[in-house]
Structures are given as C-alpha cells and as structure tokens.
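Using my numbering, you'd call the opening residue of the sequence shown number 2 and step up by one each time.
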Amino acid sequence: MSTRDFIPALVALVILAALPFAGLSGSLMNLLIFTLIVTMTAQGWNILGGFGGQTSFGHAAFFGTGAYTTAILQITFGINAWAGLVAGIAAGALVGAFIGAVSFRSGLRGSYFALVTLAFAEVLRICANSASFTGGAAGLLVPIDYGAWNLQFEDRRIFALILVAFVGVVLLITRWLERSRFGAHLVAVRENEEAAQALGVDVFRVKLGGITLSAAVTAAAGCLYTQNYLFIDANVAYGTWISIEALFAAIVGGLGTMLGPLLGAVVLHGLSEITKTFSGNIPGLDLAVFGVILVLTVAFAPTGITGLASRLFGRRRTRTEDA
Numbered sequence: 002m003s004t005r006d007f008i009p010a011l012v013a014l015v016i017l018a019a020l021p022f023a024g025l026s027g028s029l030m031n032l033l034i035f036t037l038i039v040t041m042t043a044q045g046w047n048i049l050g051g052f053g054g055q056t057s058f059g060h061a062a063f064f065g066t067g068a069y070t071t072a073i074l075q076i077t078f079g080i081n082a083w084a085g086l087v088a089g090i091a092a093g094a095l096v097g098a099f100i101g102a103v104s105f106r107s108g109l110r111g112s113y114f115a116l117v118t119l120a121f122a123e124v125l126r127i128c129a130n131s132a133s134f135t136g137g138a139a140g141l142l143v144p145i146d147y148g149a150w151n152l153q154f155e156d157r158r159i160f161a162l163i164l165v166a167f168v169g170v171v172l173l174i175t176r177w178l179e180r181s182r183f184g185a186h187l188v189a190v191r192e193n194e195e196a197a198q199a200l201g202v203d204v205f206r207v208k209l210g211g212i213t214l215s216a217a218v219t220a221a222a223g224c225l226y227t228q229n230y231l232f233i234d235a236n237v238a239y240g241t242w243i244s245i246e247a248l249f250a251a252i253v254g255g256l257g258t259m260l261g262p263l264l265g266a267v268v269l270h271g272l273s274e275i276t277k278t279f280s281g282n283i284p285g286l287d288l289a290v291f292g293v294i295l296v297l298t299v300a301f302a303p304t305g306i307t308g309l310a311s312r313l314f315g316r317r318r319t320r321t322e323d324a
C-alpha cells in the first residue's frame with residue numbers, strides 16, 4: 002500500500018475532526034456523534050456483507066453485546082471504561098465467531114444466513130430484556146464520573162474526536178482489506194464460493210474470519226454508544242434499528258469500499274435531519290426518506306455513492322483528456 006491509498010481517508014478524517022470545533026449547536030453535535038457511531042457499525046457490516054458477500058440482518062447481536070459488556074463491567078464490577086471497551090470488543094468478536102461457526106459449518110448462506118443472524122439478535126434481545134444482570138426492561142444506567150479514565154467528558158468535542166480516531170482505525174482496516182490477501186479471499190468467496198474453494202481458498206476459515214472482524218468493529222460501536230449516552234436497554238442494544246442503519250448506510254454509500262459506509266451514514270442522517278427541520282418533526286417521515294433513498298440507490302446507483310462518484314469523475318477526466 003502506498004501513501005496515496007490513504008489520502009481519501011485522511012481528507013475525510015481531517016474534515017470530521019474539524020467539525021466539532023466549527024461552533025456546532027448541541028443538536029448538531031449529537032447528530033455528528035450519532036452519525037460517527039452509525040458509520041462504525043456500517044463499516045462493520047461492510048466487512049462481512051460488502052467484502053464477504055454474507056448479508057446479515059442481525060448485526061445488533063454484536064452491537065448489543067459490546068454495549069452491555071462494557072456497561073455491566075463498569076456498573077457491577079467497577080472495571081475501568083477502557084478495559085470495558087476492550088472486553089466489549091472481545092465479547093462481540095466471540096459472539097460473531099460463534100454465530101459464524103454454527104452458520105457456516107452448516108452451509109448456510111444467502112437469505113438463510115441473514116435470517117439466522119436476525120434470529121440470534123432477537124434471542125439476545127429477549128434474554129437481555131428479562132435477565133436481572135442486564136437490568137431487565139429497565140436497562141442499565143452508567144454512573145456519571147467525568148474523566149479520561151472513564152471515557153466520559155464534559156466537553157463533548159473530546160468524545161467526538163475519540164470517535165473520529167476510531168473511525169480512522171476502521172477506515173485503515175477496510176483499506177487493508179482492499180489491498181490484502183485476506184481481503185482478496187473475502188471478495189473471491191463473495192463472487193463464487195465454489196470457484197474460490199477450487200482455487201485453494203479455505204472458504205470456512207475466510208468467512209469465519211470475516212464475521213469475527215465484522216463483529217469486533219460493530220461491538221466497538223456499541224461500547225462507544227454506551228459511553229456517550231450512559232444508558233442501554235434491550236430494545237436499544239439489540240433492536241433491529243441498528244442492523245437496518247448499518248445495512249442502509251453501507252448499501253447507499255457503496256458496498257466493499259473504504260469510504261462508502263461513511264458517506265452513506267452522512268447522507269442518510271444529514272437528509273433525515275433536514276427532513277425533520279422542514280417537516281415539523283412528522284413522525285416516521287425520516288424513515289420514509291431512508292426508504293426512498295434506498296430504492297433510488299438500488300435502482301439507479303447499485304454501486305452506491307462512491308461508485309456513482311467514480312463513474313462521474315472518470316467520465317469528466319476522459320472528456321478533459323480528449324479535449
């Protein structure tokens with residue numbers, strides 16, 4: 002990988018890092034932080050669904066596991082938030098590895114795999130909603146104790162910068178996937194499992210590695226969600242909303258690309274906020290906008306925003322060279 006490969010990511014990160022200091026209002030700061038969390042979740046989905054071609058409807062299983070793990074460790078055991086973050090990522094990765102081992106060893110793929118992931122997420126939601134150590138239906142409230150050691154900051158700009166740093170790490174991971182042997186194997190499995198296996202690719206191991214890495218990234222987003230809102234319950238942690246957010250952002254932005262999920266999350270939530278502003282907060286209208294954008298993307302830009310931008314840029318460059 003050359004330095005040029007990282008220029009788009011660096012430009013995006015510089016812009017994101019500057020936004021918290023651009024005099025944003027409280028609501029816009031909330032929007033920025035939430036969009037960054039969704040971006041991480043979408044990047045996690047993109048690793049499995051975009052590069053690996055394994056469509057998941059249940060990434061909430063990983064998001065919620067990370068969110069609950071860090072909350073429980075802090076509340077019940079008094080463990081440091083940073084250690085809780087590491088443990089949450091590890092727990093999410095283990096859940097991903099378990100679901101992957103069960104599903105891929107059974108030969109599940111396509112819609113069958115998607116429904117299995119959805120079922121796991123729903124089972125975890127029901128369990129979390131009834132278990133005492135998760136706070137049941139009341140959820141868990143992380144005590145406020147501002148300080149870097151607790152990953153809590155009175156100045157929300159600091160937390161936003163930490164999120165930008167995490168997004169930067171995930172962008173590097175996806176760029177590595179675009180250039181690495183493992184990433185090439187993921188893409189080969191996505192295109193044709195039988196052909197990849199015939200060429201010597203260990204399909205089971207590649208898919209298992211993909212879902213484990215995907216789950217770890219998504220769990221990290223769940224941990225950071227808990228640290229931002231300091232509250233979690235079953236419907237938030239394991240709700241279908243986060244699985245849909247991740248899937249929509251990745252598809253709209255561009256599957257199997259580095260910047261696709263980021264662009265998708267920004268466009269979706271930016272348009273959602275604009276819609277709320279001009280519609281008087283009509284309930285459900287922002288979701289209708291999400292649906293319209295998804296339909297338009299699938300119909301007219303199946304490669305997402307990044308693919309559309311590449312085609313437009315390529316045509317303009319060709320015309321310039323011809324002139």
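Ideal Cβ placement from N, Cα and C applies to all residues, glycine included.
Measuring only the C-alpha atoms, how far is residue i from residue j?
{"i": "Glu194", "j": "Ser57", "result": "17 Å"}
{"i": "Ala84", "j": "Val218", "result": "16 Å"}
{"i": "Asp146", "j": "Gln153", "result": "7 Å"}
{"i": "Trp46", "j": "Ile245", "result": "10 Å"}
{"i": "Ser131", "j": "Ser112", "result": "29 Å"}
{"i": "Val170", "j": "Val290", "result": "30 Å"}
{"i": "Val12", "j": "Arg5", "result": "11 Å"}
{"i": "Val207", "j": "Phe160", "result": "34 Å"}
{"i": "Ile34", "j": "Ala68", "result": "16 Å"}
{"i": "Asp199", "j": "Phe232", "result": "The sequence as given places Ala at residue 199; Asp does not occur at that position. Straight-line Cα distance between these residues: approximately 49 Å."}
{"i": "Ile110", "j": "Ala250", "result": "One point to set straight first is that residue 110 is Arg, not Ile, in the sequence displayed. Using only the alpha carbons, I get a separation of about 22 Å."}
{"i": "Asn229", "j": "Leu142", "result": "12 Å"}
{"i": "Gly292", "j": "Ser273", "result": "11 Å"}
{"i": "Ala10", "j": "Thr258", "result": "11 Å"}
{"i": "Ala102", "j": "Ile127", "result": "22 Å"}
{"i": "Ala185", "j": "Leu178", "result": "7 Å"}
{"i": "Ala300", "j": "Ala82", "result": "44 Å"}
{"i": "Phe183", "j": "Ala91", "result": "21 Å"}
Would you call the CB atoms of residue i and residue j closer than 8 Å?
{"i": "Phe167", "j": "Ala129", "result": "no"}
{"i": "Phe22", "j": "Thr42", "result": "no"}
{"i": "Thr304", "j": "Gly255", "result": "yes"}
{"i": "Arg191", "j": "Gly27", "result": "no"}
{"i": "Phe134", "j": "Thr71", "result": "no"}
{"i": "Tyr239", "j": "Ala120", "result": "no"}
{"i": "Ser38", "j": "Leu263", "result": "Looking at the sequence provided, one finds Ile at residue 38 rather than Ser. Not a contact, by the Cβ cut-off of 8 Å."}
{"i": "Asp234", "j": "Gly140", "result": "yes"}
{"i": "Ala18", "j": "Val165", "result": "yes"}
{"i": "Gly93", "j": "Ala266", "result": "no"}
{"i": "Phe205", "j": "Phe99", "result": "no"}
{"i": "Gly79", "j": "Ala122", "result": "no"}
{"i": "Ile48", "j": "Thr227", "result": "no"}
So residue i is in the alpha helix (DSSP H); what residue range does that whole segment cover?
{"i": "Phe160", "result": "Arg157 to Arg180"}
{"i": "Asn130", "result": "Gly111 to Ser131"}
{"i": "Gly223", "result": "Val204 to Tyr230"}
{"i": "Val60", "result": "The sequence as given places His at residue 60; Val does not occur at that position. Taken as a continuous stretch (DSSP letters only), His60 belongs to no alpha helix (DSSP H), as it is neither H nor E."}
{"i": "Phe35", "result": "Gly27 to Trp46"}
{"i": "Phe134", "result": "Run containing Phe134: none; DSSP gives neither H nor E here."}
{"i": "Ser83", "result": "Note that residue 83 corresponds to Trp in the displayed sequence, not to Ser. Per DSSP, Trp83 belongs to the alpha helix (DSSP H) from Ala82 to Arg106."}
{"i": "Asn151", "result": "Neither: Asn151 is in no alpha helix (DSSP H) and is coded neither H nor E."}
{"i": "Phe249", "result": "Thr241 to Gly254"}
{"i": "Ile283", "result": "Neither: Ile283 is in no alpha helix (DSSP H) and is coded neither H nor E."}
{"i": "Asn236", "result": "Ala235 to Ala238"}
{"i": "Ala19", "result": "Ile8 to Ala19"}
{"i": "Ala23", "result": "No alpha helix (DSSP H) contains Ala23, which DSSP labels as neither H nor E."}
{"i": "Ala302", "result": "Run containing Ala302: none; DSSP gives neither H nor E here."}
Tell me whether residue i is buried or exposed, calling it buried when 16 or more other Cβ atoms sit within 10 Å of its Cβ.
{"i": "Leu125", "result": "buried"}
{"i": "Gly285", "result": "exposed"}
{"i": "Trp242", "result": "exposed"}
{"i": "Gly261", "result": "buried"}
{"i": "Gly211", "result": "buried"}
{"i": "Phe52", "result": "buried"}
{"i": "Leu172", "result": "buried"}
{"i": "Leu288", "result": "exposed"}
{"i": "Arg312", "result": "exposed"}
{"i": "Val296", "result": "exposed"}
{"i": "Gly201", "result": "exposed"}
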